[in-house]
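Q: Under my numbering, think of the first position of the sequence shown as 299, with each following residue one higher. We treat Cβ as the ideally placed atom computed from N, Cα and C, and that holds for glycine. Treat the numbers as computed from the prediction; the structure is a model and nothing was measured.
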Amino acid sequence: MDKHRVFGMEFAKVYPLYIKKAERKGRTKDEVDQIIFWMTGYDREGLQRQLDEHSDIETFFTQAPAMNPNCSLIKGVVCGVRVEEVEDPLMQKIRFLDKLVDELAKGKAMEKILR
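Dropping the structure here:
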């Protein structure tokens with residue numbers, strides 16, 4: 299089976315889009331970072347290293363220090379797809395992050411986003 303093309307995209311190209319989406323709705327880069335740290339276990343230096351190395355999305359998630367076990371509590375729809383029903387584990391992680399950033403942009407409280 300061929301890999302989905304999104305897996306090869308540079309995380310450094312997607313990351314600013316997450317920030318832009320949040321900032322358009324009055325949220326901050328720090329809040330986007332907080333979501334990424336919570337979900338993946340990266341700290342500020344680890345995230346910056348991934349950005350500096352132009353890691354693709356697959357590498358970004360594969361090298362994540364510690365995926366949060368509460369990711370399994372993330373439910374909902376992103377782009378018409380139920381995130382909890384995505385079968386490919388990597389695609390599901392991507393959709394989980396998309397969902398959390400969507401919730402941030404929609405004004406949801408951080409305590410609720412970080413289940």
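For Arg380, list the residues DSSP reports as bridge partners.
A: Val375
Q: Excluding sequence positions up to five away, which residues of its chain have a Cβ less than 8 Å from the Cβ of Glu343?
A: none
Q: What did DSSP end up calling Glu308 once you bin it into helix, strand or coil?
A: strand
Q: Just mark Arg303 as buried or exposed, buried being the case when its beta carbon has 16 or more other beta carbons within 10 Å.
A: exposed
Q: Looking at the unbroken alpha helix (DSSP H) that takes in Arg303, where does it start and where does it end?
A: No alpha helix (DSSP H) contains Arg303, which DSSP labels as neither H nor E.
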